[in-house]
Structures are given as C-alpha cells and as structure tokens.
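Just so you know, the sequence shown maps onto residues 1011 to 1301 in the working numbering. From the three backbone atoms N, C-alpha and C, an ideal C-beta is built for every residue, glycine too. Everything below concerns the one structure shown next.
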Amino acid sequence: MDIKRLVKDILAQFDYTLYRMGIRKCFVRVRTIDETIKELLYTDKSMVRFGDGEITMIRGRSLGFQQVEDEIIEGLKRLLSYQYENMVVGIPEIFGDLSMYRKESRQFWKDHLLFSRKIYEKYCNPAKIYYNSYITRFYYPMADQNRSGVWIQNIRQIWKDKDVVIVEGEKTHNGVGNDLLDMAGSIERIIGPSEQAFCKVDEILECCKEYAKDRLFLLSLGIAAKFLAEKLFLEGYRVIDIGNLDMEYEWYLRGAKSKEKIEKHGIIGEEANRKAGYDAYLAQIRKRIVS
C-alpha cells in the first residue's frame, strides 16, 4: 500500500470513529433494505437512487461515462434534497455501523465519507428518512450474503404481472440470459447511449411519453436516469431507478467472489446480439436513441 493511501485510510478510520462514538453527529437517516423493498412492493411510489458516483459528481468531478456539467450538479443537489413525497430517494446505508459490509466495502465507504460526508449533510433533507440504494447492491458488498436470495426474490415481485418499459444503455441487457424480469407481464425496451446520456434525456423522455401511464418504467442509464426519473414522475408515470441491479444479480447467480466481467455487457449492435442468441431481447426494443 502506498503512503498516500495509508494516510487516507487512517484519516478515514479516525473520522468514522468520531461519528461512531457520537463525538461528531450526523443527522442522515436511511431505511433498511427490507423496508425499502417493502415500500416499493406495497405502494406505487417511484424511486431515484444515489450512489458514490452521483455524490462524486456533485463534488464537481466527471465520471468515466458522463462528463460533469453545472446543470447536472445543480440537478443532483436538488434531487438529493428529497422534494417529492411519492418519489423516494435512495442513498447508501453508510452513516452508522458498517459491519454489514465486507472488509473492502467498509474501507471504501469510510474513505468516501471522509471526503463526501459534508455533501450529504448539506443537501440531504433532515426532515426525511431516506431509502436504501443498496437494494441494487444486495449481494457482492455484503459480509453475510444469506439474505441476498430473499431480497432479490422480493425485488422481482415488484414488477410481477406489470407491463414494464426498460430504459437502458446499449450494453446493459437487463434480464437477458437470466430470470430477473421473468415475472413481468410484458417487457419493452428503449435503448439509450452507454455514455454521455444526459444530453439525450429530453429525446428519450418523448419516446417514453408514447406509453400509457399504467406502464412501470425501470431505468438503467447512469446519471441520466436520475433526471429522466424525475421528468417521468412529474408526467404521472411510476419509475424505479434500478441502476446496476442486473449486474449484481448476475454476480449473485454465479456466486461471484470478485467483480466478474459479464460477457453480455460487451455486446453492441443488432448483428452481435443475434449472434449471441438474443433474439427475444432485440424483439423487445421499440426505440434506439444512441450517440
């Protein structure tokens, strides 16, 4: 370990200890994974999720798939403030005991909080209890993975018998090659760009608005998903930002011990998808809006 990393980890541990001892206070409250799944399963509420990437962007830093813009930063700050009663905001459950996570995840979040805790404290709404974005990270980061099977089976019930529209990047392939979405009544797809999708949000929105309000929208479109989720919600649709749920499910199915590469994420274009045997996936695509 290099000296800079060692110093950062020591400082992060010290900062974390101060909060755990109550010497410093943090008002941010997050519901459990079970409570979050229950809310989505038994209500018609929408959900937008924040992870470390969104917080990093609020700090003014670009991500590999999305360049930072002032409009994105200000929009993320506003969404993090939890403005809508029926669109819950998910953030990681990282402000108390981290023992539920595996060692590498615990250290990651300690480091993250060292630099980003003030972002949460400044922009999170102290009057709200946030929901748990880890419903989409239900397996790999967990120290005890015995609950993962129950969680994902309950998550799959959220779209049981519902007509689903998936808005995803061209590499994502939610539910392709697994049974993640098999309980849905029907599946259609809108394919967006894998990178720099924010500039296409309004164009994607117009495609989404061609559907009736009884459709459930599942979004996997990075930073752009946050803004699309808000716009669809305000149009009267139910929207759930599922992020990398499919990748997490693939790791769960494989019993992965490390973050394995998922082969389907390298498949782009109609010819490559047909060669892979993804004819059903191609038949579900109604619109393509790519860079």
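Can you tell which of the options has its C-alpha closest to the C-alpha of residue i?
i            : options                   : result
residue 999  : 1239, 1035 and 1062       : Here the chain has residues from 1011 to 1301 only, and residue 999 is not among them.
residue 1225 : 1146, 1056 and 1035       : 1056
residue 1296 : 1283, 1238, 1202 and 1247 : 1202
residue 1126 : 1282, 1025, 1100 and 1213 : 1025
residue 1035 : 1245, 1163 and 1105       : 1105
residue 1101 : 1051, 1043, 1164 and 1077 : 1043
residue 1117 : 1084, 1096, 1142 and 1152 : 1152
residue 1157 : 1128, 1168 and 1262       : 1262
residue 1017 : 1115, 1124 and 1148       : 1124
residue 1237 : 1032, 1041, 1215 and 1246 : 1215
Assuming residue i is part of the beta strand (DSSP E), what are its boundary residues?
i            : result
residue 1098 : 1097-1101
residue 1065 : Note, residue 1065: premise wrong, no beta strand (DSSP E); alpha helix (DSSP H) at 1062-1068.
residue 1295 : 1295-1298
residue 1059 : 1056-1059
residue 1251 : 1248-1251
Which first and last residues belong to the alpha helix (DSSP H) in which residue i is found?
i            : result
residue 1257 : 1255-1264
residue 1113 : 1113-1133
residue 1227 : Counting along the chain, residue 1227 falls outside any alpha helix (DSSP H), though it belongs to the beta strand (DSSP E) covering 1226-1230.
residue 1284 : 1280-1285
residue 1082 : 1080-1090
Within 10 angstroms of the Cβ of residue i, are there 16 or more other Cβ atoms? Answer buried if so, exposed if not.
i            : result
residue 1022 : buried
residue 1027 : exposed
residue 1136 : exposed
residue 1209 : exposed
residue 1179 : buried
residue 1098 : buried
residue 1195 : exposed
residue 1089 : buried
residue 1013 : exposed
residue 1294 : buried
residue 1251 : buried
residue 1256 : buried
residue 1292 : exposed
residue 1190 : buried
residue 993  : Given a span of 1011 to 1301 for the chain in the structure shown, any question on residue 993 remains unanswerable.
residue 1052 : exposed
residue 1103 : buried
residue 1253 : buried
Just how far apart, CA to CA, sit residue i and residue j?
i            : j            : result
residue 1066 : residue 1223 : 33 Å
residue 1273 : residue 1094 : 38 Å
residue 1144 : residue 1277 : 27 Å
residue 1091 : residue 1139 : 11 Å
residue 1213 : residue 1015 : 43 Å
residue 1217 : residue 1177 : 10 Å
residue 1020 : residue 1087 : 29 Å
residue 1249 : residue 1220 : 15 Å
residue 1232 : residue 1240 : 14 Å
residue 1080 : residue 1242 : 22 Å
residue 1298 : residue 1107 : 43 Å
residue 1160 : residue 1060 : 23 Å
residue 1064 : residue 1286 : 33 Å
residue 1109 : residue 1119 : 11 Å
Determine, using beta carbons only, whether residue i comes closer than 8 Å to chain C.
i            : result
residue 1254 : Protein chains in the displayed structure number just one, and chain C is not present.
Query raised in the report: What residue ranges within the stretch 1154-1217 form continuous beta strand (DSSP E) runs of no fewer than 3 residues, ordered along the chain?
Result: 1173-1179 and 1196-1202
Query raised in the report: Which runs of the beta strand (DSSP E), 3 residues or longer, sit entirely within the stretch 1014-1061?
Result: 1056-1059
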